[in-house]
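Colleague: In the UniProt record's numbering, the protein residues as written are 1 to 483. One structure follows; several queries about it will come next.
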């Protein structure tokens with residue numbers, strides 16, 4: 001992935017949360033390390049506790065017992081920001097919470113399943129890791145001080161955010177690259193759902209059915225004609241890779257290169273909303289070399305998706321019917337929504353499931369409760385002891401149990417990203433620490449664009465003075481010779 005320009009990183013980090021600026025987090029003490037060891041050992045947070053989280057997920061907190069009541073100041077001492085702290089600035093990317101020992105995320109004790117080796121992710125870029133707040137630049141756990149311990153999950157990375165306020169409530173490795181599987185289809189929706197007319201009909205080609213053998217398909221037939229709304233339902237309910245290819249081809253103009261154009265548009269969309277760990281290779285999420293995302297990026301993508309009325313309608317649909325085809329002859333059939341959250345979680349808004357052998361289980365789920373709308377994203381999970389949607393439900397319960405306004409970071413907005421990109425284009429970057437003149441408002445006393453222009457003009461004038469003196473001396477010598 002390309003490095004985030006320093007001026008862009010500075011702007012994305014400069015927006016404060018309410019309250020006083022955050023101080024550099026202390027390094028983890030011996031006592032806090034002992035607390036971490038006790039909180040993440042064999043007894044307090046095991047698979048039994050996780051299962052309890054799923055069966056009692058509408059109570060005050062996802063985990064019972066002493067461990068779940070440990071304050072975050074002792075259990076999660078890696079320096080997360082609380083609701084009154086401000087986000088870090090680009091000039092201090094290597095200080096504060098990054099210098100503290102990372103806190104491991106709570107995991108259940110299960111036998112490690114056999115799986116192919118994970119692909120090597122792109123090199124991490126410091127500025128990308130801190131988008132949304134310096135506290136998010138961790139491979140470990142970041143939660144608000146004083147919060148209950150989050151549920152023990154098999155998910156490698158996860159994040160919980162408030163879709164209304166943009167506050168990140170907690171996370172585990174939020175900016176760590178992961179393989180997406182079918183949650184990538186949400187990026188396709190974020191890119192194309194408002195572009196395509198739901199009532200329009202399209203004819204399926206042989207290329208649309210060019211998917212990995214044995215992978216999920218909704219059952220389109222070559223030569224069949226389907227409405228766009230039916231294809232979206234096939235994509236969201238049944239995770240149809242055939243529907244993903246057909247929609248991507250049409251969104252890209254309908255020609256042979258339509259799918260490739262849409263994948264390029266998906267990557268452009270990801271960049272425009274600040275999803276810098278995301279790179280699409282396929283529209284469906286089927287594994288492809290160089291295809292990655294992160295828990296933080298999925299929350300940004302989910303925010304775009306859930307802002308669409310059509311998307312919300314599709315992901316809450318429990319069943320739909322695939323129409324019969326006359327030429328070629330094919331019978332119609334019913335298909336169901338595979339996201340169990342909508343059947344089992346009060347206030348569920350829907351989301352997306354995902355699985356490949358390489359990526360393992362991925363999940364995005366959102367719900368509303370007491371006027372708040374939260375989203376949970378998770379990647380690299382196993383199906384035992386909790387399935388993907390159950391892990392999402394446990395995270396949602398944990399998030400709803402936190403007071404409104406609780407925060408360890410923020411979801412950047414497309415407007416902030418666009419403003420930062422514009423500033424990076426017109427303002428020279430400065431200082432090795434990563435701060436740029438584009439953040440003049442956040443760094444009073446720094447050079448503005450006008451002062452930079454003035455300095456350049458002065459330098460040019462000083463450079464010209466010796467040349468003018470030399471020309472004057474030569475002219476005087478010529479005049480003396482002619483006298």
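Glycine residues also receive a C-beta, built at the ideal position from the N, C-alpha and C atoms.
Please state if the CB of residue 411 and the CB of residue 168 are separated by a distance shorter than 9 Å.
Modeller: Going by C-beta atoms, residue 168 is nearer than 9 Å to residue 411.
Colleague: Going by DSSP in three states, residue 168 sits in which element: helix, strand or coil?
Modeller: Strand at residue 168.
Colleague: What does a CB cutoff of less than 8 Å around residue 338 pick up in its chain, not counting 5 residues either side in sequence?
Modeller: Closer than 8 Å at Cβ, skipping near neighbours: 237, 238, 239 and 353.
Colleague: On the three-pair Cβ rule with 8 Å, is the segment 387-404 touching the segment 173-186?
Modeller: Cβ pair count under 8 Å is below three, so no.
Colleague: Along the chain, where does the beta strand (DSSP E) containing residue 226 start, and where does it finish?
Modeller: That run of the beta strand (DSSP E) goes 225-227.
Colleague: Roughly how many angstroms lie between the CA atoms of residue 317 and residue 227, to the nearest whole one?
Modeller: Rounded to the nearest angstrom, the two C-alpha atoms are 16 Å apart.
Colleague: Under the DSSP definition of a beta bridge, which residues are partnered with residue 524?
Modeller: Residue 524 falls outside the range modelled here, since the chain spans only 1 to 483, and no answer is possible.
Colleague: How would you write the range of the beta strand (DSSP E) that residue 296 sits in, first residue to last?
Modeller: First-last for residue 296: 295-306, but that is the alpha helix (DSSP H), not the beta strand (DSSP E).
Colleague: Residue 361 bridges to which residues according to DSSP?
Modeller: Answer is 355 and 381, bridged to residue 361.
Colleague: Beta-carbon separation of residue 251 and residue 192 under 9 Å?
Modeller: Yes, the Cβ-Cβ distance between residue 251 and residue 192 is below 9 Å.
Colleague: Per DSSP, which residues does residue 142 bridge with? Please list them.
Modeller: Paired residues: 171.
Colleague: Touch check for the segment 294-305 and the segment 367-379: three-plus C-beta pairs under 8 Å?
Modeller: Taking 8 Å as the limit for Cβ pairs, the verdict is that the segment 367-379 does touch the segment 294-305.
Colleague: Can you have a look at residue 343 and say buried or exposed, based on whether 16 or more other CB atoms are within 10 angstroms of its CB?
Modeller: Per the 10 Å Cβ criterion, exposed.
Colleague: Taking the C-alpha atoms as reference points, what is the distance between residue 388 and residue 172?
Modeller: Using only the alpha carbons, I get a separation of about 16 Å.
Colleague: Between residue 332 and the rest of its own chain, which residues show a CB-CB distance below 7 Å, the 5 nearest in sequence each way excluded?
Modeller: Here the set comprises 321, 322, 323 and 324.
Colleague: Rounded to a whole number of angstroms, what is the C-alpha to C-alpha distance between residue 291 and residue 372?
Modeller: Each residue's alpha carbon lies about 32 Å from the other.
Colleague: How would you write the range of the alpha helix (DSSP H) that residue 201 sits in, first residue to last?
Modeller: Not the alpha helix (DSSP H): residue 201 falls in the beta strand (DSSP E), residues 201-203.
Colleague: Exposed or buried, residue 244, counting other C-beta atoms within 10 Å across all chains shown (16 or more means buried)?
Modeller: Buried, by the Cβ-count rule.
Colleague: What is the rounded straight-line gap between the Cα of residue 382 and the Cα of residue 206?
Modeller: Taking the straight line joining both Cα atoms gives about 34 Å.
Colleague: Tell me the residue span of the alpha helix (DSSP H) that contains residue 284.
Modeller: Premise fails: residue 284 is in no alpha helix (DSSP H) and is neither H nor E.
Colleague: Can you look up residue 321 in the DSSP assignment and give me helix, strand or coil?
Modeller: Three-state DSSP puts residue 321 in a strand.
Colleague: Using the rule of at least 16 other Cβ atoms within 10 Å of the residue's Cβ for burial, across every protein chain shown, is residue 110 buried or exposed?
Modeller: With fewer than 16 other Cβ atoms within 10 Å, it is exposed.
Colleague: Classify residue 254 as buried or exposed, calling it buried when 16 or more other Cβ atoms lie within 10 Å of its own Cβ.
Modeller: Classification of residue 254: exposed, given that the 10 Å Cβ count is below 16.
Colleague: Between the Cα of residue 359 and those of 101, 154, 126 and 127, spot the shortest distance and give me the residue it belongs to.
Modeller: Taking only the C-alpha atoms, the option nearest residue 359 is 154.
Colleague: Report buried or exposed for residue 319, applying the criterion of at least 16 other Cβ atoms within 10 angstroms of its Cβ.
Modeller: Looking at its Cβ environment, which holds fewer than 16 other Cβ atoms inside 10 Å, residue 319 is exposed.
Colleague: Taking buried to mean at least 16 other C-beta atoms within 10 Å of its own C-beta, is residue 403 buried or exposed?
Modeller: Exposed: under 16 other Cβ atoms inside 10 Å.
Colleague: Report the residue ranges of all beta strand (DSSP E) runs contained in full by the segment 204-268; include only those spanning at least 3 residues, in chain order.
Modeller: Entirely contained in the segment 204-268, the beta strand (DSSP E) runs reaching 3 residues are, in chain order, 225-227.
Colleague: With the cut-off set at 9 Å, would you say residue 284 and residue 182 are in Cβ contact?
Modeller: Cβ atoms of residue 284 and residue 182: closer than 9 Å.
Colleague: Cα separation between residue 328 and residue 139?
Modeller: Spanning the two alpha carbons is a distance of roughly 52 Å.
Colleague: Could you work out which residue in 120, 125, 204 and 143 is closest to residue 103 when comparing CA atoms only?
Modeller: Considering only alpha carbons, the answer is 143.
Colleague: In chain order, what residues of the same chain lie with their CB nearer than 8 Å to the CB of residue 211, ignoring the 5 residues before and after it?
Modeller: Only 217, 241, 242, 245, 284 and 286 meet the Cβ criterion.
Colleague: Since I believe residue 187 is in contact with residue 270 (beta carbons under 8 Å), could you give me their beta-carbon distance rounded to a whole number of angstroms?
Modeller: That pair is a contact at about 6 Å.
Colleague: Using the rule of at least 16 other Cβ atoms within 10 Å of the residue's Cβ for burial, across every protein chain shown, is residue 164 buried or exposed?
Modeller: Residue 164 is exposed by the Cβ-count criterion.
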